[in-house]
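**Student:** Take this structure, written in structure tokens, and hold onto it; I'll ask about it next.
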């Protein structure tokens with residue numbers, strides 16, 4: 037039967053395997069090793085066929101095992117379906133296991149292949165290896181290859197190093213193996229492989245031979261079990277469980293949802309998701325980019341801040357479709373150059389040859405970027421797109437019947453006209469509407485486009501105003517609705533931002549807290565907050581000797597008003613100044629410096645950016661509150677800068693601020709506008725009815 041395995045004397049191996057550092061350099065720097073295909077790069081493995089490596093009597097031959105060439109796109113066989121909720125076996129997972137098979141360090145391999153799950157450490161790396169080996173053994177058994185499952189239980193590092201350790205007898209070795217699993221011949225072959233024969237006892241050679249077979253096993257398992265992620269896969273199947281839960285909290289269930297979210301929100305997409313920070317977000321984006329062949333490519337604004345991108349190069353070429361005004365190009369027959377309602381060209385007093393140019397001339401009458409300019413652009417944009425796309429007419433060919441149809445359209449735009457809230461204008465998800473308009477918003481929209489057409493008539497671009505004989509929509513007026521946060525809802529916002537600053541303080545969070553506090557305690561409009569400078573602050577002594585702070589605000593119709601600053605507002609500003617590295621002495625800073633600035637610089641934030649920051653903050657807060665108070669979460673999610681203004685008015689009135697004082701602080705022309713904030717009477721009425729009917733029956737006199 038050959039030499040007695042029990043009496044052989046072991047010999048010390050002469051040469052050991054390459055050092056882990058050498059192997060890490062050789063493999064982790066190999067670009068082909070990083071691709072989706074896997075082939076051995078070990079020189080002892082290259083040039084050998086799979087049949088050679090798997091021809092041992094105890095292991096058998098793998099029919100159909102791949103050669104060392106890059107395999108074709110592998111698919112998961114129908115006999116081994118995978119749940120969308122359980123982790124998938126990806127090419128990155130297989131590369132990680134192969135690093136183990138090759139003897140590379142696990143932590144660097146984790147950081148190269150499994151980085152999307154966060155930074156690796158020895159414990160996580162080893163735990164994930166055990167999980168993956170369990171899955172691969174199950175996969176091998178599912179394909180009728182128990183010998184491969186057994187092979188994956190072998191660890192090359194467990195082979196004795198030949199320093200004199202006792203070699204177990206064949207009987208002792210057999211007792212440690214699964215009962216009735218191996219034949220006697222297979223047990224002898226296994227014992228001989230592990231402990232060596234008289235002429236091949238080098239531990240290094242035995243380790244190397246085992247590694248080669250493990251690598252080829254991983255090769256074969258890759259071809260039958262690994263695949264690329266699909267858009268319809270659950271995010272939890274590919275991403276870390278904690279990250280997947282946070283994504284699920286905001287409605288991101290699949291990888292398709294995730295890619296659409298990032299495309300819509302842009303580079304700072306993570307700001308809308310609680311407990312997902314910039315580092316984790318960058319790992320997710322990197323992972324998506326590595327799988328863009330199956331998941332789709334991300335646009336440039338998702339990969340870098342807009343300030344670092346050439347926005348001219350970023351803007352796609354104009355086209356026909358439901359796209360922003362600056363990207364819209366109507367077909368020649370509908371561009372308005374030959375509109376049926378065009379006035380005589382020789383009388384036209386506007387330098388415009390088509391409807392788009394006429395709208396641009398009208399918009400130039402307003403200061404670009406202001407709230408009014410954005411509102412006018414939005415309504416002109418909607419009107420032009422509807423005329424060309426829906427009505428299939430130039431704007432300059434519309435008549436009264438068309439305008440009636442547009443009035444009805446505003447009440448219920450179709451799904452192709454509506455998109456997600458706050459989608460950026462460069463995003464493919466952008467649409468002119470975010471949903472059906474309220475009656476008041478419909479009226480505002482018609483007023484603006486009516487004034488557009490009236491101006492075009494005065495400039496002799498249009499012959500007549502198609503809106504002249506169109507009455508307002510004959511609907512009942514909408515019920516008055518105060519869009520403000522209750523005291524309890526505002527308290528939830530305050531608790532959330534406080535907890536965020538305690539757990540993970542950052543300049544962005546300090547800025548968000550200041551915007552929330554200052555807007556709430558001053559009632560300033562969005563445009564006013566964006567324009568505010570330190571030179572607007574006033575520190576004055578009253579007749580009774582008290583020193584007080586206030587801020588001069590440039591409001592609507594270019595009118596200045598003075599808004600008193602309570603002590604908490606002053607302290608909020610000082611805290612924000614400290615976070616910016618500025619002097620907390622309010623009068624010691626540059627009078628021209630913006631009150632709200634970009635991170636890391638002293639340039640002002642635009643009104644649109646402040647709106648986005650607050651919208652993202654309210655969304656994150658709502659997600660945090662959702663588990664305990666769903667209705668409050670809905671209110672907080674819908675909030676905006678204007679809600680903060682209304683919240684200021686409502687809470688001030690409830691605390692006894694006189695209406696005339698509140699009117700002056702808010703800059704209202706009419707006291708009637710301010711009266712909507714008087715809620716004390718409402719609360720008193722509710723309490724009276726509750727006292728009368730608290731038990732369901734009127735109380736006796």
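Numbering (our numbering), first residue to last: 37 to 737. All C-beta atoms, glycine included, are put in the ideal place defined by N, C-alpha and C.
1) Spatial neighbours of residue 488 within its chain, please: C-beta separation below 8 Å, excluding the five flanking residues on both sides.
2) In this structure, how does DSSP classify residue 373 when only helix, strand and coil are distinguished?
3) Which of the three DSSP states, helix, strand or coil, is assigned to residue 664?
4) For a test of the three-state rule: what should DSSP assign to residue 820, helix, strand or coil?
5) Report buried or exposed for residue 677, applying the criterion of at least 16 other Cβ atoms within 10 angstroms of its Cβ.
6) With burial defined as no fewer than 16 other Cβ atoms inside 10 Å of the residue's Cβ, what is the status of residue 269: buried or exposed?
7) Helix, strand or coil for residue 640, going by three-state DSSP, please let me know.
8) Give the secondary structure of residue 427 by DSSP, where H, G and I count as helix, E and B as strand, and everything else as coil.
9) By a C-beta neighbour count over all protein chains shown, 10 Å radius and 16 as the cutoff for buried, is residue 214 buried or exposed?
10) If you follow the beta strand (DSSP E) that residue 585 is part of, which residue opens it and which one closes it?
11) By the 10 Å Cβ neighbour count, where 16 or more other Cβ atoms means buried, how is residue 453 classified, buried or exposed?
12) Which residue's Cα is closest to the Cα of residue 174: 680, 493 and 188?
13) For residue 190, which of helix, strand or coil comes out of DSSP?
14) With DSSP as the reference, identify every bridge partner of residue 598, one or two as the case may be.
15) Taking just the CA atoms, how far does residue 560 sit from residue 727?
16) Note down, one range per segment and in chain order, each alpha helix (DSSP H) of at least 4 residues found wholly within the region 236-264.
17) Out of 294, 323 and 673, state which residue places its alpha-carbon closest to the alpha-carbon of residue 154.
18) At the level of alpha carbons, what is the spacing between residue 387 and residue 450?
19) Would you say residue 564 and residue 590 are within 8 Å of each other, going by their C-beta atoms?
20) Would you mind reading off the limits of the alpha helix (DSSP H) that contains residue 634?
21) Near residue 102, what residues of its chain come up, given a Cβ to Cβ distance below 7 Å and the 5 sequence neighbours on each side ignored?
22) In the structure shown, what three-state DSSP assignment does residue 125 receive?
23) Would you kindly report the start and end of the unbroken beta strand (DSSP E) that includes residue 527?
24) Quick one: what's got a C-beta closer than 8 Å to residue 670's C-beta in the same chain, skipping five residues either side?
25) Indicate whether the contact test is met: 3 or more Cβ pairs, each with one atom in the region 566-583 and one in the region 629-640, closer than 8 Å.
26) Got a sec? Which residues, its chain only, sit under 7 Å from residue 588 by beta carbon, not counting five neighbours each side?
27) When DSSP labels each residue in this structure, what does residue 227 get in the three-state scheme?
28) Here's a check: name, in chain order, each residue in its chain whose Cβ is nearer than 7 Å to the Cβ of residue 470, leaving out the five neighbours to either side.
29) Looking only at its own chain, which residues have a Cβ that is under 8 Å from the Cβ of residue 330, when we skip the five neighbours before and after it?
30) So, does the region 124-133 touch the region 163-180, judging by three or more C-beta pairs under 8 Å?
31) Candidates 494, 520 and 611: which alpha carbon is nearest residue 549's?
32) On a CA-only basis, which of 332, 271, 462 and 383 is nearest residue 360? Give me that one, please.
33) Can you tell me whether residue 407 is helix, strand or coil according to DSSP?
34) For residue 213, which of helix, strand or coil comes out of DSSP?
35) Take residue 223 and list the residues in its own chain whose beta-carbon comes closer than 6 Å to its own, dropping the five residues that flank it on each side.
**Tutor:** So, from the listed chains and residues:
1) 395, 398, 412, 415, 416 and 419
2) coil
3) coil
4) Residue 820 is absent from the structure shown; the chain starts at 37 and stops at 737.
5) buried
6) Burial call: buried.
7) strand
8) coil
9) exposed
10) 583-590
11) buried
12) 188
13) Here residue 190 sits in coil by DSSP.
14) 588
15) 38 Å
16) For the region 236-264, the continuous alpha helix (DSSP H) assignments of 4+ residues that do not extend past its boundaries occur at 239-261, in sequence order.
17) 323
18) Rounded to whole angstroms, residue 387 and residue 450 show a C-alpha spacing of 34 Å.
19) yes
20) Element bounds for residue 634: n/a, residue is neither H nor E.
21) With a pLDDT of 32 at residue 102, under the threshold of 50, the modelled position of this residue cannot be trusted; read the value that follows with caution. Excluding positions up to five away in sequence, the list reads 86, 255, 256 and 259.
22) Residue 125: coil per DSSP, three-state reduction.
23) Premise fails: residue 527 lies in the alpha helix (DSSP H), 523-539, not in any beta strand (DSSP E).
24) 658.
25) yes
26) 572, 574, 596 and 598
27) helix
28) 454, 455 and 457
29) 264, 265, 266 and 267
30) yes
31) 611
32) 462
33) Residue 407 falls in the helix class under three-state DSSP.
34) Secondary structure of residue 213 (DSSP, three-state): coil.
35) 210
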